[in-house]
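Q: Have a look at this one.
Protein chains: 4
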Amino acid sequence: MKHGIRQLFIPGPTNVPDRVRRAMNVTMEDQRAPDLPELTLGLFRDLKRAFGNKSGRVFMFPSSGTGAWESAIQNTLAPGDRVLMSRFGQFSHLWVEMAERLGLNVELVDVEWGMGVPLDVYEEKIAADTAHEIRAVFVTHNETATGVTSSIPGVRKLLDAHSHPALLFVDGVSSIASIDFRQDEWGVDLAVAGSQKGFMLPAGLSFLSVSEKALAANRDNRPKMARSYFTFADQIATNDQGYFPYTPPTQFFHGLRAALDMLFEEGLDNVFARHHRLAEGVRRGVQGLGLKLVAAGPQWHSDTVSAVYVPEGVDANLVLKIAYERYNTSFGGGLARLNGKVFRIGHLGDLNEVMCLSALACAEISLADAGARITPGAGVAAAHAYFREAHSASQAERQAAE
Amino acid sequence: MKHGIRQLFIPGPTNVPDRVRRAMNVTMEDQRAPDLPELTLGLFRDLKRAFGNKSGRVFMFPSSGTGAWESAIQNTLAPGDRVLMSRFGQFSHLWVEMAERLGLNVELVDVEWGMGVPLDVYEEKIAADTAHEIRAVFVTHNETATGVTSSIPGVRKLLDAHSHPALLFVDGVSSIASIDFRQDEWGVDLAVAGSQKGFMLPAGLSFLSVSEKALAANRDNRPKMARSYFTFADQIATNDQGYFPYTPPTQFFHGLRAALDMLFEEGLDNVFARHHRLAEGVRRGVQGLGLKLVAAGPQWHSDTVSAVYVPEGVDANLVLKIAYERYNTSFGGGLARLNGKVFRIGHLGDLNEVMCLSALACAEISLADAGARITPGAGVAAAHAYFREAHSASQAERQAAE
Amino acid sequence: MKHGIRQLFIPGPTNVPDRVRRAMNVTMEDQRAPDLPELTLGLFRDLKRAFGNKSGRVFMFPSSGTGAWESAIQNTLAPGDRVLMSRFGQFSHLWVEMAERLGLNVELVDVEWGMGVPLDVYEEKIAADTAHEIRAVFVTHNETATGVTSSIPGVRKLLDAHSHPALLFVDGVSSIASIDFRQDEWGVDLAVAGSQKGFMLPAGLSFLSVSEKALAANRDNRPKMARSYFTFADQIATNDQGYFPYTPPTQFFHGLRAALDMLFEEGLDNVFARHHRLAEGVRRGVQGLGLKLVAAGPQWHSDTVSAVYVPEGVDANLVLKIAYERYNTSFGGGLARLNGKVFRIGHLGDLNEVMCLSALACAEISLADAGARITPGAGVAAAHAYFREAHSASQAERQAAE
Amino acid sequence: MKHGIRQLFIPGPTNVPDRVRRAMNVTMEDQRAPDLPELTLGLFRDLKRAFGNKSGRVFMFPSSGTGAWESAIQNTLAPGDRVLMSRFGQFSHLWVEMAERLGLNVELVDVEWGMGVPLDVYEEKIAADTAHEIRAVFVTHNETATGVTSSIPGVRKLLDAHSHPALLFVDGVSSIASIDFRQDEWGVDLAVAGSQKGFMLPAGLSFLSVSEKALAANRDNRPKMARSYFTFADQIATNDQGYFPYTPPTQFFHGLRAALDMLFEEGLDNVFARHHRLAEGVRRGVQGLGLKLVAAGPQWHSDTVSAVYVPEGVDANLVLKIAYERYNTSFGGGLARLNGKVFRIGHLGDLNEVMCLSALACAEISLADAGARITPGAGVAAAHAYFREAHSASQAERQAAE
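In the order they appear, the protein sequences are chains U, X, H and R. First residue of the first sequence: 1, per full-length UniProt numbering; consecutive thereafter. First residue of the second sequence: 1, per full-length UniProt numbering; consecutive thereafter. First residue of the third sequence: 1, per full-length UniProt numbering; consecutive thereafter. First residue of the fourth sequence: 1, per full-length UniProt numbering; consecutive thereafter.
Okay, here's the thing in structure tokens:
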């Protein structure tokens, strides 16, 4: 029998803040009520702000983030279209799989897991495509399976350098609202996010933020994929009045209102800075325990999730099992080829220093229970030192600014 | 400023019982937790029971019911396939529209709004199709826009009479778990339902209950539609272990557990009987006020929603507006061609006699405020009489049984 | 098995608005936290506003309203003190009983149930008490058992007329925040209220609003009663810093914040007007059914609860039982000598017209089921007519004002 | 702006488990409903089980625990009665203060803070009281201010040794349902508890568990104190039917049902063992940091709260402030003479190992920030080692048992 708070250190669903939970606990309401737009129009407006999308629009689908992946593809591309994708983890893998199922002609770049989007190879391919046959370039901003963040501005830069008109698709499910993201500035055309990560909501709502260019691509005369549930047109026809083409999950809207308020009250830049600080604390803790990240170098470090190799001879799944059953704590497991070798610490959403320390403390004890030779307390101590140092630095900065 | 309980008499979302609301108000959990199947496998099992589906399976998609419509089509049919559909309200209309968007070759039977599936015309078409080119027959069990229920056994009978192998698709969004439905007995192959009606949950989860024959059609060698989010295969590969191909909205599962428990504790037959009794009370009330239903005759009466014509010269939208703004009560509006002429009283889900009386009382006062000449109290009195009569009858029955 | 919304038409606990319920559903917090006063000091300030108490203070006790009755007595009076009280229902009876238990020398005026505080008798006694031996005069503002409201200004006037220094105690449990109440203007010294009536919270918190004169009486040199839990001094010593002498139920504070916000957003005058309008509608409905109130005349009509005599030969308790078991609706029962003869309709708190209509509809059907010969719909129709008339009048007023 | 879970390590209110919170989030209900006893009678029965009280009864008061202290005294003693009390912390101090306010003649034994009930002095006094003038002996089972647990069986033994008939009063507010307590076996006559500690509920409900002997003392002919709100008689007259003398906070009853279910599902012995294990882990952590407990020796160690001296030169209040403001964590402060020198870690209620590790981790970082020279990670490491050791021992035990 389990006691106490269930600790959740998976890279989503994240902890839903009590304020959001309370906001969502509403009675049902009429999805055609005359005053519903007072709520929904503000959400559309503020979602755009959260994505850094001024000119385009954001769609909300009752679906997981996977649904928004599909919507992005179906509404702007046609079967047979050539697209450039890279694969370096389970989620980039699944997106490739979806693209192929939907009939796209995928130019696939396989990358060692632990690294991210290969800008050099992408550049080669883009440079070579003088006929502009590549209609879209796909980027997994944050590969949740390996804890690797890729550079979107890097991709934008190479597209611009070659004046390549491809649409830029970004999977931001585990990055947006946690890691810096600037849709307009980075020229992202279709950005996918889900409710259950940085947006601090339960799973069940997906967001697709589209640029004006993507909307134009949707409207143009080229044939597109057959589609209905995820079609842009029905949303466009109703969203501006504050309504939806089919019954929306209005309870989510109340939660989203609270979540957006929290993000803006903190300030997006502060949200990103907090995620960086907490992530760096976790990484120091991992290092303090003598463990290695899957991310192959600091340039790939993810500020939302750390995938950690367990020591040789230790079964990562046993670590997970012990943490869950003995300590009421969930870490993420190693996916696909990383299974058994890796556990993942999610550190995104509504999180603070003490929660990260407790993640490390629990990782320590679970690893030890699973037979790993680690120095108990060493992870906590290292994170501890970093948090104090970061705090002093931020104090100093603040004073300097005054 | 509004006061008191917000009364919801729309045909979905329905009132979420407090027990279900409480059950859903959970902290987030790991969708890959080892003990999640203890919850989810029971849900799959009990959903099958709720649909009367012994041999097939039920899928749960994070989507509105519209998504399950799409899944049913994409996984068993191919573009160009011929299907038989009928249209007699906004929701049967939307299903036709989807079928056409997805490339089906729709044999469409248009029926006067107020009536349902035309068994005679269906029979003609089926009889004529000796080549079995019609691959699927679609039935909107309960047309929510008009308050019309159609006979599924009637359709099954004519298919059987002609030994026609077409798949039978049923939209049961506003009927299943409220009105009698027996998937196996009636030979339904794909039955669509949503969380926010008879299942008494918020919107956001859809159910697709498929027969073994539908699963075989999915597996066979004929090409199907391109699909990914709503594909059966990914669900089949994970559901039997109690998991899902993408992040599921686990909060819904806890609510669904409570809702299914409530349905079975009451007994499905009693649930259906209660819906009939309450619906009949509302219909008597409507009659008592001298108003007419859209449903063209008792054989079409829906036990989940009544669409009511306002008297000549009265604006139905004004009635809705008054009910909403002055009396904190939502009725359904008239959709498409019925707009301005009709208001709808939803009477499904977690409902009782007093709630129906209050719906009638509110309809009376809102109609009067909107200029209708009705006899105040006449609706309540008529429903009142029926409820007392029904109660006596059931008492007598019970005594006779003892 | 019961279905649908549980209708609550008792004179408290009242329906807790969803907004308040959500606000109360908080995690626990440190009752000595440095920022708790940000919440609590605002509550003290706004409670004073709700009572119309500018110079004194309001205490909050974790207790039912009965506890605040006790606190009022213990902190300002001594055993043997002579007090003037009147009794005309179960709650004024219980207050007398408490006064006697605590050793007061009660000058008791018994009044026929259905009437309230007898101003003439009170005046006689006050006039006769030239030695000012009567230290306190007690008034039950609203007798919940009979639905009778008494005049506080009337009592104040007679005290002033005779320059009598007695403290004025008021039981406002079922009146304050629902019916007009003005502590300073009416010279009330100790006003008792509870959380579960007009303040729209669950039971468990009581309010005692005391004048400067009462505080002086508490501080003076006369001996008082032995007391500890309900002592003023400990509250005074901590409340001004925003804290409490023992662990306070902080969840209530969040609910109270929301409830006070709702009251002030509506405006107290509008709250009182709404209670009057709804109460009058219920009374018209009662009259429409040919039933009689316990309140002996309009001057005694309570705007928060109506006690209704059932017709001769009908058992009021059977009406209650039927309403509860068959229709999931709670009415108040007849207390003490009214038991079996009376049922009570509570119409206070977060309530609207449709809820009152449904109370009447349910009363009608329950009465009929219990054998009463009433005209079904007649109650609803009468209330209906009044609500429409009241609405027109208020519209006309508003237009005239523009 | 604060983020993440608010960590609560105060000795009450404790963390309300989500299951309890959900159970309490109910709509209001009729406190005179015919089926309320189905809930309440079970609560009375199971509370007796939680107290180990077979023959007597448990009262529930809408009040804080302080109210139950008062009830215990008022109902069994008279002003002037001689009682034996000891004082060794803020809460035993407050109980003495109450006894004096209520007019008892307190024979007070002052003890150095850090120790508990002085059995030797008590024995002396009891032995000397051959006239049996001491009517009651008071014991603070767990002094929350110092983290000191006293021996109730020790007191019982000395009373028995001298055949002394005094009533035995126990303050079990921060012990009962967390630490071993056996009312009948230990001959406790009046045991006080509150909702917000081991019972894992919000504050606002108190429990007073009384023996048959205490009930007899209440019924006997000796005069008692004036009382009304907290009188036994009114409760006795209504509780056995499942009702209450004044409006009870029914929402608490639903929460209590869930909390009792959780306690019994775990098993009271396991609850006590878990509290011991977690407490010992915290103590090892404190030791690992080189800090000292207020408790003067292992015989006084409290399994629900540890009061910890900060190092010389460090301000304990600064540690608290940093923990609260910088790390969103509440520890208990040093009360009265311990203010500024001590912080307290509450470790009772719904708690697990990882929560205790995070308490230590947060204490470490807050102490360091406040200028203490401690070895970061040393506390966590020591607790860590103990938890692993305890786990191995319990595994070994289990295997031996098989």
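Backbone N, C-alpha and C define an ideal beta-carbon position, used for all residues, glycine too. Computed from a predicted model, the values in this text were never measured in an experiment.
Between the C-alpha atoms of asparagine 317(U) and phenylalanine 9(U), what's the straight-line distance to the nearest angstrom?
A: Stepping through the first sequence from its first residue, residue 317(U) is reached at position 317. Stepping through the first sequence from its first residue, residue 9(U) is reached at position 9. If I take the Cα positions, the gap works out to 15 Å.
Q: Can you tell me whether tyrosine 229(R) is helix, strand or coil according to DSSP?
A: The residue given as residue 229(R) occupies position 229 in the fourth sequence. Coil at tyrosine 229(R), not helix or strand.
Q: Among Thr76(H), Glu70(H) and Met115(H), which residue has its Cα nearest to the Cα of valine 96(H)?
A: Within the third sequence, residue 96(H) is the residue found at index 96, counting from 1. The shortest Cα separation from valine 96(H) among Thr76(H), Glu70(H) and Met115(H) belongs to Glu70(H).
Q: How far does the alpha helix (DSSP H) with glycine 332(R) in it extend, from its first residue to its last?
A: Start at 1 with the first residue of the fourth sequence, and residue 332(R) comes out as number 332. Unbroken run through glycine 332(R) is the beta strand (DSSP E), 329-333; no alpha helix (DSSP H).
Q: Give the residues of chain H in contact with leucine 351(X), contact being defined as C-beta atoms less than 7 Å apart.
A: Translated into positions along the second sequence, residue 351(X) becomes position 351. Per Cβ cutoff of 7 Å: His3 and Gly4.
Q: Any beta-carbon of chain H closer than 8 Å to the one on asparagine 15(U)?
A: For the purposes of this step, residue 15(U) is taken as residue 15 along the first sequence, with counting starting at 1. So, not an interface residue.
Q: So, with DSSP's three-state summary, where would you put threonine 149(H)?
A: Residue 149(H) sits at position 149 when you count from the first residue of the third sequence. It is a strand residue.
Q: Once DSSP output is grouped into helix, strand and coil, what is the label at asparagine 218(U)?
A: Numbered from its first residue, the first sequence carries residue 218(U) at position 218. Three-state DSSP puts asparagine 218(U) in a helix.
Q: What is the DSSP secondary structure of glutamine 235(X), reduced to helix, strand or coil?
A: Within the second sequence, residue 235(X) is the residue found at index 235, counting from 1. Three-state result, glutamine 235(X): helix.
Q: Can you grab the Cα-Cα spacing for the pair histidine 254(X) / serine 150(X), in whole Å?
A: As a first step, residue 254(X) must be located in the second sequence, where it is residue number 254. As a first step, residue 150(X) must be located in the second sequence, where it is residue number 150. Taking the straight line from one Cα to the other gives about 32 Å.
Q: Going by the beta-carbon positions, is the gap between valine 155(X) and valine 173(X) smaller than 8 Å?
A: Here the question's residue 155(X) lines up with position 155 in the second sequence. Here the question's residue 173(X) lines up with position 173 in the second sequence. Going by C-beta atoms, valine 155(X) is not nearer than 8 Å to valine 173(X).
Q: Label arginine 283(U) either buried or exposed according to how many other C-beta atoms from any shown protein chain fall within 10 Å of its C-beta, with 16 as the threshold for buried.
A: Working through the first sequence from its first residue, we reach residue 283(U) at position 283. Its Cβ being crowded by 16 or more others within 10 Å, arginine 283(U) is buried.
Q: Please classify lysine 54(X) as buried or exposed, where buried requires at least 16 neighbouring CB atoms within 10 angstroms.
A: The residue labelled residue 54(X) in the question sits at position 54 within the second sequence. Result: exposed.
Q: Express the C-alpha separation of valine 210(H) and glycine 80(H) in angstroms, rounding to a whole number.
A: One-based indexing of the third sequence puts residue 80(H) at position 80. One-based indexing of the third sequence puts residue 210(H) at position 210. Taking the straight line joining both Cα atoms gives about 22 Å.
Q: Which residues, in order along the stretch 319-331 of chain U, keep a beta-carbon less than 8 Å from a beta-carbon of chain R?
A: For the stretch 319-331 of chain U, which is checked against every Cβ of chain R, the residues closer than 8 Å are Arg326, Tyr327, Asn328 and Thr329.
Q: With DSSP collapsed to three states, give me the class of glycine 194(U).
A: One-based indexing of the first sequence puts residue 194(U) at position 194. Strand.
Q: Do you know how far the Cα of serine 195(R) is from the Cα of proline 202(R)?
A: Residue numbering aside, residue 202(R) sits at position 202 when the fourth sequence is read from its first letter. Residue numbering aside, residue 195(R) sits at position 195 when the fourth sequence is read from its first letter. Approximately 6 Å between the Cα atoms of the pair.
Q: Give the straight-line distance between the Cα atoms of tyrosine 243(R) and glutamate 280(X), rounded to the nearest whole angstrom.
A: Translated into positions along the fourth sequence, residue 243(R) becomes position 243. Translated into positions along the second sequence, residue 280(X) becomes position 280. Answer to the nearest angstrom: the Cα atoms are 39 Å apart.
Q: Using three-state DSSP, classify glutamine 287(H) as helix, strand or coil.
A: As a working mapping, residue 287(H) is identified with position 287 in the third sequence. Looking at glutamine 287(H) - three-state DSSP - the assignment turns out to be helix.
Q: I'd like to know whether the C-beta atoms of isoleucine 14(X) and aspartate 350(X) end up nearer to each other than 8 Å.
A: Position 14 of the second sequence, counted from the start, is the residue given in the question as residue 14(X). Position 350 of the second sequence, counted from the start, is the residue given in the question as residue 350(X). The amino acid at residue 14(X) is misidentified as isoleucine; the sequence shows threonine. Result yes, Cβ atoms of threonine 14(X) and aspartate 350(X) sit closer than 8 Å.
Q: Could you pull out every residue in the same chain whose Cβ sits closer than 7 Å to the Cβ of phenylalanine 158(X), ignoring the five residues on either side in sequence?
A: Here residue 158(X) is taken as the residue at index 158 of the second sequence, counted from 1. Rather than phenylalanine, the amino acid found at residue 158(X) in this sequence is leucine. The answer, listed in chain order, is Leu119, Tyr122, Glu123 and Ile126.
Q: Run through DSSP, which three-state label would serine 206(U) get?
A: Here residue 206(U) refers to the residue found at position 206 of the first sequence. Looking at serine 206(U) - three-state DSSP - the assignment turns out to be strand.
Q: I'd like to know whether the C-beta of valine 294(X) is nearer than 8 Å to at least one C-beta of chain R.
A: Residue 294(X) sits at position 294 when you count from the first residue of the second sequence. Valine 294(X) does not count as touching chain R.
Q: Leaving aside the five residues before and after alanine 361(U) along the sequence, list all residues of the same chain whose C-beta is less than 6 Å from its C-beta, in chain order.
A: Position 361 of the first sequence holds residue 361(U). If we look at alanine 361(U) and ignore the five residues flanking it on each side, its Cβ neighbours are Val380.
Q: Which whole-angstrom value describes the C-beta separation of proline 37(H) and leucine 348(H), a residue pair presumed to lie in contact below a C-beta threshold of 8 Å?
A: Locating residue 37(H) in the third sequence gives position 37, where the first residue counts as 1. Locating residue 348(H) in the third sequence gives position 348, where the first residue counts as 1. That pair is no contact at about 31 Å.
Q: Per DSSP, isoleucine 345(H) forms a beta bridge with which residues?
A: To locate residue 345(H), count along the third sequence from 1; it is residue 345. In DSSP, isoleucine 345(H) forms a bridge with Ser306(H).
Q: Taking only the alpha-carbon atoms, compute the straight-line gap between arginine 21(H) and leucine 47(H) and give it to the nearest angstrom.
A: For the purposes of this step, residue 21(H) is taken as the residue at position 21 of the third sequence. For the purposes of this step, residue 47(H) is taken as the residue at position 47 of the third sequence. Answer to the nearest angstrom: the Cα atoms are 19 Å apart.
Q: Among Glu133(H), Asp110(H) and Gly89(H), whose alpha-carbon lies nearest the alpha-carbon of leucine 104(H)?
A: As a first step, residue 104(H) is located in the third sequence; it is residue number 104 there, counting from the start. Cα-wise, what sits closest to leucine 104(H) is Glu133(H).
Q: Tell me, please, whether the stretch 305-321 of chain U touches the stretch 354-374 of chain U by the rule of three or more beta-carbon pairs shorter than 8 Å.
A: A contact exists between the stretch 305-321 of chain U and the stretch 354-374 of chain U.
Q: Threonine 130(H) and glycine 89(H) - do their beta-carbons sit closer together than 8 Å?
A: Along the third sequence, one-based indexing puts residue 89(H) at 89. Along the third sequence, one-based indexing puts residue 130(H) at 130. No.
Q: Just list the residues that DSSP pairs phenylalanine 61(H) with in beta bridges.
A: Residue mapping note: residue 61(H) aligns to position 61 of the third sequence, counting from 1. Ser206(H).
Q: Please report the straight-line C-alpha distance between alanine 273(H) and glutamate 353(U), rounded to a whole angstrom.
A: Along the third sequence, read from residue 1 onward, the residue named residue 273(H) stands at position 273. Along the first sequence, read from residue 1 onward, the residue named residue 353(U) stands at position 353. Their Cα atoms are separated by approximately 52 Å.
Q: Roughly how many angstroms separate the alpha carbons of histidine 391(U) and lysine 197(U), rounded to a whole number?
A: As a working mapping, residue 391(U) is identified with position 391 in the first sequence. As a working mapping, residue 197(U) is identified with position 197 in the first sequence. Distance between the alpha carbons of histidine 391(U) and lysine 197(U): 25 Å.
Q: Provide the residue span of the beta strand (DSSP E) that contains glutamine 7(H), from first to last.
A: As a first step, residue 7(H) must be located in the third sequence, where it is residue number 7. Per DSSP, glutamine 7(H) belongs to the beta strand (DSSP E) from 7-9.
Q: Which residue's Cα is closest to the Cα of glycine 340(U): Tyr327(U), Asp315(U) and Met355(U)?
A: For the purposes of this step, residue 340(U) is identified with residue 340 of the first sequence, where counting begins at 1. Selected option, being the one with the closest Cα: Asp315(U).
Q: Of all the options Pro223(R), Leu278(R) and Leu205(R), which has the alpha carbon lying nearest to the alpha carbon of threonine 247(H)?
A: Within the third sequence, residue 247(H) is the residue found at index 247, counting from 1. Nearest option by C-alpha distance: Leu205(R).
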